[in-house]
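Below is one structure, written out as structure tokens; the observations come after it.
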Amino acid sequence: MRNKKIFLIFTILVLVCGLVSPILAGSLEDKNNNHLGQPFKYPDLPKEEHTPDYVFAGEPKVTVDRKGEAIIRFETVIPTSRAKIHYGLYLPEQEIKVPQYRVEVTEDLKKKSRSHAVIIGLRKFEKQKYDICNFKEKGGVICYRIEVSTPTMEDQSDFYDGRFRVDGDYYPLPCVIEGPFVDCLTKTSAIISWETDEPTMGTVEVNGKRYNDDSHSTHHEITVTGLSADTRCEYDVFSNSIKDFKSYHLKTAPDSKNSNFVFAHMSDSREGVGGGERACGGVNHHQLSRFMIDAYNNGADFVLFGGDLINGYTTNTEDYRMQLRSWKDVSEQIGCYIPIYEGMGNHEALMDAYDNIEFDKVDDDESKSAERVFAEEFVNPHNGPEAEDSMNGTAPTYDENVYYFDYANTRIISFNTNYGWCSNPEEYGGNLEGYVMDGQLEWIKEVLDDAKANSEIKHIFMFAHEPAFPNGGHLGDAQWYSGKKPYVIDRRDELWEAISNSGKVVAVFFGHEHNYSRMLIDGRTPVYLDGSSNQNFKYPVWQIVSGGAGAPFYAQQKAPWTKNVRYFYPGKNYCLIEVNGERASLKVLGDSGEVIDECPLKPILSYGIEATPIPYEYNTAWRQGIADDGSNWYISGKNCLYKTDEDYNVLEANLIPFGRHEKDGYDLGEMGYTHIGDIDYFSGLIYAPVEDASYKNAAFVIYKAENLIPIGYHKTSQSHMPWCAINPDKGCIYSSEFNSVDKIFVYNLDNFAPMKAIKLDRILQRVQGGVYHGEYLYISCDDERDYIYKINCENGKIVESFATDIGTEMEGITYQEDVIHFIDDGNYIYHHSLKT
Ligand SMILES: [Fe+2]
1 MRNKKIFLIF
11 TILVLVCGLV
21 SPILAGSLED
31 KNNNHLGQPF
41 KYPDLPKEEH
51 TPDYVFAGEP
61 KVTVDRKGEA
71 IIRFETVIPT
81 SRAKIHYGLY
91 LPEQEIKVPQ
101 YRVEVTEDLK
111 KKSRSHAVII
121 GLRKFEKQKY
131 DICNFKEKGG
141 VICYRIEVST
151 PTMEDQSDFY
161 DGRFRVDGDY
171 YPLPCVIEGP
181 FVDCLTKTSA
191 IISWETDEPT
201 MGTVEVNGKR
211 YNDDSHSTHH
221 EITVTGLSAD
231 TRCEYDVFSN
241 SIKDFKSYHL
251 KTAPDSKNSN
261 FVFAHMSDSR
271 EGVGGGERAC
281 GGVNHHQLSR
291 FMIDAYNNGA
301 DFVLFGGDLI
311 NGYTTNTEDY
321 RMQLRSWKDV
331 SEQIGCYIPI
341 YEGMGNHEAL
351 MDAYDNIEFD
361 KVDDDESKSA
371 ERVFAEEFVN
381 PHNGPEAEDS
391 MNGTAPTYDE
401 NVYYFDYANT
411 RIISFNTNYG
421 WCSNPEEYGG
431 NLEGYVMDGQ
441 LEWIKEVLDD
451 AKANSEIKHI
461 FMFAHEPAFP
471 NGGHLGDAQW
481 YSGKKPYVID
491 RRDELWEAIS
501 NSGKVVAVFF
511 GHEHNYSRML
521 IDGRTPVYLD
531 GSSNQNFKYP
541 VWQIVSGGAG
551 APFYAQQKAP
561 WTKNVRYFYP
571 GKNYCLIEVN
581 GERASLKVLG
591 DSGEVIDECP
601 LKPILSYGIE
611 ATPIPYEYNT
621 AWRQGIADDG
631 SNWYISGKNC
641 LYKTDEDYNV
651 LEANLIPFGR
661 HEKDGYDLGE
671 MGYTHIGDID
681 YFSGLIYAPV
691 EDASYKNAAF
701 VIYKAENLIP
711 IGYHKTSQSH
721 MPWCAINPDK
731 GCIYSSEFNS
741 VDKIFVYNLD
751 NFAPMKAIKL
761 DRILQRVQGG
771 VYHGEYLYIS
781 CDDERDYIYK
791 INCENGKIVE
801 SFATDIGTEM
811 EGITYQEDVI
821 HFIDDGNYIY
831 HHSLKT
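For the sequence shown, the residue numbers in the numbering used here are 1 to 836.
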């Protein structure tokens with residue numbers, strides 16, 4: 001929460017005598033003294049109003065005279081000194097609308113006031129030197145920014161960004177002041193919405209077809225239908241038949257059979273530290289704008305936004321609305337082309353405050369809940385659950401904050417961990433921050449079951465605000481509360497059991513923690529204070545926390561599952577997820593555009609290949625080869641060797657495999673050896689193919705399997721030696737070059753003398769691994785589709801091959817009990833059963 005000074009403007013003593021007695025009665029009746037989920041029970045305390053966070057009170061009013069002067073009138077919630085107006089024009093040809101400010105004027109004001117009026121001259125834009133949009137002839141849209149210094153509110157400037165439109169004679173024209181936005185996109189339809197500065201009849205024209213509003217309004221929300229799947233359409237919006245100053249486009253959702261798309265996830269764009277654009281009407285405009293535009297330019301087809309859009313935590317409905325509109329000033333830049341699906345966080349709090357106790361406002365004749373205003377300000381699907389019964393009329397709506405939609409072969413589910421909030425629900429009813437209430441949980445289960453039964457849905461992604469397994473910043477709340485509230489843990493488990501039992505949920509995205517973390521949760525993950533796991537977490541599901549769109553950072557903290565966190569990054573970030581048929585992969589980008597993390601999220605392929613993620617602490621090491629002796633794994637990296645038990649727990653490691661040999665005196669490092677490839681195991685020994693830096697004399701280096709200590713080496717005349725494989729039946733060892741491989745070299749296992757070469761019946765590229773089993777060699781290649789080839793060792797014929805399509809760099813291979821195991825460059829160890 002922003003460290004804001006809260007001012008008590010007025011205090012109303014509300015004597016809710018009728019509500020006090022049930023509190024006492026309830027607390028006596030309830031064994032656990034827990035009123036969670038019950039109706040709000042307001043305390044007998046003074047009711048407070050918190051001064052709005054945002055200094056502007058409502059929308060400014062603009063009038064223009066025929067002489068080309070405009071007056072911008074606005075109110076502030078406290079008296080402020082003279083304001084500054086920055087103003088300019090838009091470039092119609094610019095893809096992303098960016099205000100082109102050019103002129104500044106300062107208000108003529110003698111002493112601080114809540115009422116402000118600033119005159120701005122527009123004729124300057126008629127001059128050739130400043131006319132960037134044929135303003136002289138046709139007029140245009142004028143962008144303006146009001147800057148007000150707010151000395152009593154954190155001594156910083158606050159900004160309001162607005163616009164208005166005039167024609168060439170300075171007559172005002174209806175202006176689109178927010179949007180347009182594309183939302184609820186399907187294969188054949190979309191909703192286009194926008195706001196105008198005066199009531200107008202709105203029209204959308206798509207593919208020459210017009211769709212109209214029913215009546216005059218400043219809010220326009222029009223459904224366009226009859227579109228074709230996976231098709232880009234140009235569209236225009238009109239207000240009273242006057243076309244907006246630029247045209248837009250959208251792309252309909254693809255068919256489930258043609259699922260190749262990208263979406264972004266980001267969260268927590270509320271104000272950051274740094275002032276200026278980083279603290280702008282409750283929003284970090286700087287960071288949010290950067291990530292939104294970056295996601296769009298990186299090909300995102302839609303964006304999921306997981307809550308804490310704004311600072312919020314306000315008792316003032318207009319303030320809450322103004323902050324959400326400040327957020328939309330940024331999101332409209334790409335929201336006019338691709339849909340943004342918003343979810344709610346703890347900061348989307350519009351509350352009634354009594355001393356230190358705060359309640360979500362209730363929808364009634366006098367007020368609206370945070371959820372209701374959110375639904376009014378955003379366009380999202382309407383398929384969520386009914387309001388929670390147990391709160392008996394004080395529950396807010398789930399409409400447009402809990403929902404799902406299907407896009408190609410994927411279902412996206414938005415759920416709300418910050419519904420019906422009360423700061424102390426155990427005593428005063430309502431809901432706990434982070435807690436998913438009964439009705440919503442049932443709805444989630446139904447939507448998951450429905451997706452499970454739908455053969456067109458291959459993947460499910462979910463998003464909400466507060467993590468099930470927090471890692472940095474919010475271990476004391478979210479769905480964990482430091483493990484100290486049993487009912488919270490029970491509910492988290494019930495939710496995650498439903499998620500993990502679906503079998504289709506790939507990842508659940510959260511925010512709340514202003515950092516990035518990735519972990520795979522399964523039945524072995526320690527999820528309780530005593531380090532034990534939950535066997536009911538049936539299928540592994542990624543938890544991805546990406547709360548880095550602007551709020552102040554948090555570092556990593558210790559939790560029972562810390563060892564399972566495969567990547568943690570404390571800086572600003574957002575996620576891009578690519579779905580390509582059966583596969584899904586993740587790329588995480590930071591605030592200067594660098595790739596922070598990248599990994600396949602769903603490498604389970606059509607051949608029934610399963611995958612074990614490489615433990616995070618070894619993902620820079622385990623990148624070359626794999627072997628086994630029936631009960632242990634041996635894994636090689638470029639310059640390291642590991643021995644593990646069958647669950648990949650490390651038993652031995654040799655991190656200086658080219659060191660000086662004490663007994664025999666040779667030093668492989670000094671001889672130039674630098675790189676181990678795909679190793680093999682035979683009879684208590686590890687055989688490692690090792691290359692020298694000058695690629696002259698690759699060698700076999702032999703290590704004791706017991707402790708990974710080297711016992712000898714044998715030079716060859718191979719240039720590259722990416723792999724070796726032992727044939728115990730024939731007493732030989734196989735290897736090859738790396739590129740354009742047309743033969744397999746055969747060496748004598750006793751003395752490593754070359755025996756012969758087996759000519760292959762075709763040329764293999766980027767050969768990375770090999771293993772011998774049952775008269776065949778299995779060769780893994782980092783070629784076009786990461787093929788594995790089965791080769792007859794007698795005649796070099798490739799008898800079988802299959803594409804693994806792992807999408808990462810194919811490395812070494814081993815064979816154990818009818819299962820081929822192979823490894824990529826630090827992400828996964830894959831298992832492909834040959835039993836049909
Ligand atoms: Fe949060």
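Just so you know, even glycine gets a beta-carbon here, dropped at the ideal spot from N, CA and C.
Practice task
Give the C-beta separation of tyrosine 101 and tyrosine 87 to the nearest angstrom, bearing in mind that I take them to be a contact with Cβ-Cβ under 8 Å.
Solution key: Residue mapping note: residue 101 aligns to position 101 of the sequence shown, counting from 1. Residue mapping note: residue 87 aligns to position 87 of the sequence shown, counting from 1. That pair is a contact at about 6 Å.
Handout entry: Delimiting residues of the alpha helix (DSSP H) encompassing tyrosine 487
Key = Taking the first residue of the sequence shown as 1, we reach residue 487 at position 487. Note, tyrosine 487: alpha helix (DSSP H), 486–502.
Practice task
Could you tell me which uninterrupted beta strand (DSSP E) segments, each at least 3 residues in length, are contained entirely in the segment 255–286, listed from first to last along the chain?
Solution key: Correct list: 260–266.
Practice task
Using three-state DSSP, classify serine 331 as helix, strand or coil.
Solution key: Position 331 of the sequence shown holds residue 331. In the structure shown, serine 331 sits in a helix (DSSP, three-state: H, G or I).
Practice task
Any chance you could list the alpha helix (DSSP H) runs of at least 4 consecutive residues sitting entirely within the segment 123–152, in chain order?
Solution key: 135–138
Exercise for the section: With a 10 Å radius around its C-beta and 16 neighbouring C-beta atoms as the bar for buried, classify glycine 345 as buried or exposed. Expected result: As a first step, residue 345 must be located in the sequence shown, where it is residue number 345. The residue is buried, with at least 16 neighbouring Cβ atoms inside 10 Å.
Handout entry: Shell residues, 6 Å Cβ cut-off relative to heavy atoms of ligand 1
Key = Asp308, Gly345, Asn346, His347, His465 and His512
Practice task
Reducing DSSP to helix, strand and coil, say where valine 447 ends up.
Solution key: Against the sequence shown, residue 447 aligns to sequence position 447. Valine 447 falls in the helix class under three-state DSSP.
Exercise for the section: Check whether the Cβ atoms of aspartate 782 and glutamate 800 lie closer than 7 Å to each other. Expected result: Counted from its first residue, the sequence shown places residue 782 at position 782. Counted from its first residue, the sequence shown places residue 800 at position 800. No, these two residues do not count as a Cβ contact at 7 Å.
Handout entry: Beta-carbon spacing of glutamate 513, tyrosine 554 below 7 Å
Key = For this step, residue 513 is matched to residue 513 along the sequence shown. For this step, residue 554 is matched to residue 554 along the sequence shown. Closer than 7 Å, so yes.
Handout entry: Nearest residue (CA-CA) to histidine 220, options Glu234, Ala264, Leu589 and Phe181
Key = Here residue 220 is taken as the residue at index 220 of the sequence shown, counted from 1. With distances taken between Cα atoms, histidine 220 lies closest to Phe181.
Problem - Neighbourhood of leucine 227 by C-beta distance below 8 Å, restricted to the same chain and skipping five residues each side - result: Against the sequence shown, residue 227 aligns to sequence position 227. Within the same chain, leucine 227 has close Cβ partners Lys187, Thr188, Ser189, Ala190, Val206, Asn207, Cys233 and Thr252.
Problem - CB of glycine 430 within 7 Å of CB of glycine 439, strictly - result: Here residue 430 refers to the residue found at position 430 of the sequence shown. Here residue 439 refers to the residue found at position 439 of the sequence shown. Cβ distance not < 7 Å, so glycine 430 and glycine 439 don't count as in contact.
Practice task
List the DSSP bridge partners of cysteine 422.
Solution key: In the sequence shown, counting from the first residue as 1, residue 422 sits at position 422. DSSP lists Phe359 as partners of cysteine 422.
Handout entry: Residues that cysteine 599 bridges to, as DSSP identifies them
Key = Working through the sequence shown from its first residue, we reach residue 599 at position 599. For cysteine 599, the beta-bridge partners assigned by DSSP are Leu586.
Handout entry: Bridge partner(s) assigned by DSSP for methionine 462
Key = Looking up residue 462 in the sequence shown gives position 462. Methionine 462 is bridged to Ile413 and Val508.
Problem - Range covered by the alpha helix (DSSP H) that runs through alanine 83 - result: Start at 1 with the first residue of the sequence shown, and residue 83 comes out as number 83. Taken as a continuous stretch (DSSP letters only), alanine 83 belongs to no alpha helix (DSSP H), as it is neither H nor E.
Handout entry: Per-residue burial, glycine 384 [other beta carbons within 10 Å of its own, 16 or more giving buried]
Key = Position 384 of the sequence shown, counted from the start, is the residue given in the question as residue 384. With 16 or more Cβ atoms within 10 Å of its Cβ, glycine 384 is classed as buried.
Practice task
Determine, using beta carbons only, whether arginine 114 and proline 79 come nearer to each other than 7 Å.
Solution key: As a first step, residue 114 is located in the sequence shown; it is residue number 114 there, counting from the start. As a first step, residue 79 is located in the sequence shown; it is residue number 79 there, counting from the start. In this structure, proline 79 lies closer than 7 Å to arginine 114 by Cβ.
Practice task
Note down, in chain order, each residue of its chain lying with its Cβ closer than 6 Å to the Cβ of histidine 403, except the 5 sequence neighbours on either side.
Solution key: Against the sequence shown, residue 403 aligns to sequence position 403. It should be noted that the sequence gives tyrosine, not histidine, for residue 403. Cβ within range, chain order: Asn380, Pro381, Asn383, Gly384 and Ser414.
Handout entry: Runs of beta strand (DSSP E) wholly within the segment 94–127 (minimum 3 residues, chain order)
Key = 100–106 and 113–121
Problem - Cβ separation of leucine 309 and arginine 372, assumed to be a contact under 8 Å, to the nearest whole Å - result: Indexing the sequence shown from 1 puts residue 309 at position 309. Indexing the sequence shown from 1 puts residue 372 at position 372. Leucine 309 to arginine 372, Cβ: 16 Å. No contact.
Practice task
Just mark arginine 492 as buried or exposed, buried being the case when its beta carbon has 16 or more other beta carbons within 10 Å.
Solution key: Against the sequence shown, residue 492 aligns to sequence position 492. The residue is buried, with at least 16 neighbouring Cβ atoms inside 10 Å.
Exercise for the section: Go ahead and label threonine 814 buried or exposed: buried means 16 or more other beta carbons lie within 10 angstroms of its beta carbon, across all protein chains shown. Expected result: Numbered from its first residue, the sequence shown carries residue 814 at position 814. Classification of threonine 814: buried, given that the 10 Å Cβ count is 16 or more.
Handout entry: Where isoleucine 293 falls: helix, strand or coil (DSSP)
Key = Translated into positions along the sequence shown, residue 293 becomes position 293. Note: isoleucine 293 maps to helix in three-state DSSP.
Problem - Supposed contact pair glutamate 706 and glycine 684 - C-beta distance, whole angstroms, cut 8 Å - result: Here the question's residue 684 lines up with position 684 in the sequence shown. Here the question's residue 706 lines up with position 706 in the sequence shown. The Cβ separation is near 7 Å, so the contact holds.
Practice task
Using beta-carbon positions only, say whether glycine 503 and glutamate 466 come within less than 7 Å of one another.
Solution key: Taking the first residue of the sequence shown as position 1, residue 503 is located at position 503. Taking the first residue of the sequence shown as position 1, residue 466 is located at position 466. Not a contact, by the Cβ cut-off of 7 Å.
Handout entry: Outcome for asparagine 356 when other beta-carbon atoms lying within 10 angstroms are tallied against a minimum of 16
Key = Locating residue 356 in the sequence shown gives position 356, counting from the first residue. Burial call: exposed.
Problem - Given 8 Å, three or more beta-carbon pairs between the segment 166–179 and the segment 126–146 - result: Segments in contact, yes.
Problem - Any beta strand (DSSP E) of 3 or more consecutive residues that is wholly inside the segment 698–772 - result: You should have 699–704, 710–715, 724–727, 732–735, 741–748 and 754–764.
Practice task
Under 8 Å by Cβ, that's how I've got leucine 841 and alanine 370 pegged, so tell me the actual separation to the nearest angstrom.
Solution key: Shown here, the chain extends from 1 to 836; a query on residue 841 therefore has no answer.
Practice task
Identify the continuous alpha helix (DSSP H) that holds glutamate 388 and give its terminal residues.
Solution key: On the sequence shown, residue 388 is found 388 positions in, with the first residue counted as 1. Segment: none, glutamate 388 is in no alpha helix (DSSP H) and carries neither H nor E.
Exercise for the section: State buried or exposed for tyrosine 666, treating a residue as buried only when at least 16 other CB atoms are found within 10 Å of its CB. Expected result: Walking along the sequence shown from the start, residue 666 turns up at place 666. It counts as exposed.
Practice task
Could you please give the first and the last residue of the uninterrupted alpha helix (DSSP H) stretch that includes glutamate 377?
Solution key: As a first step, residue 377 must be located in the sequence shown, where it is residue number 377. From DSSP, the alpha helix (DSSP H) with glutamate 377 extends over 370–377.
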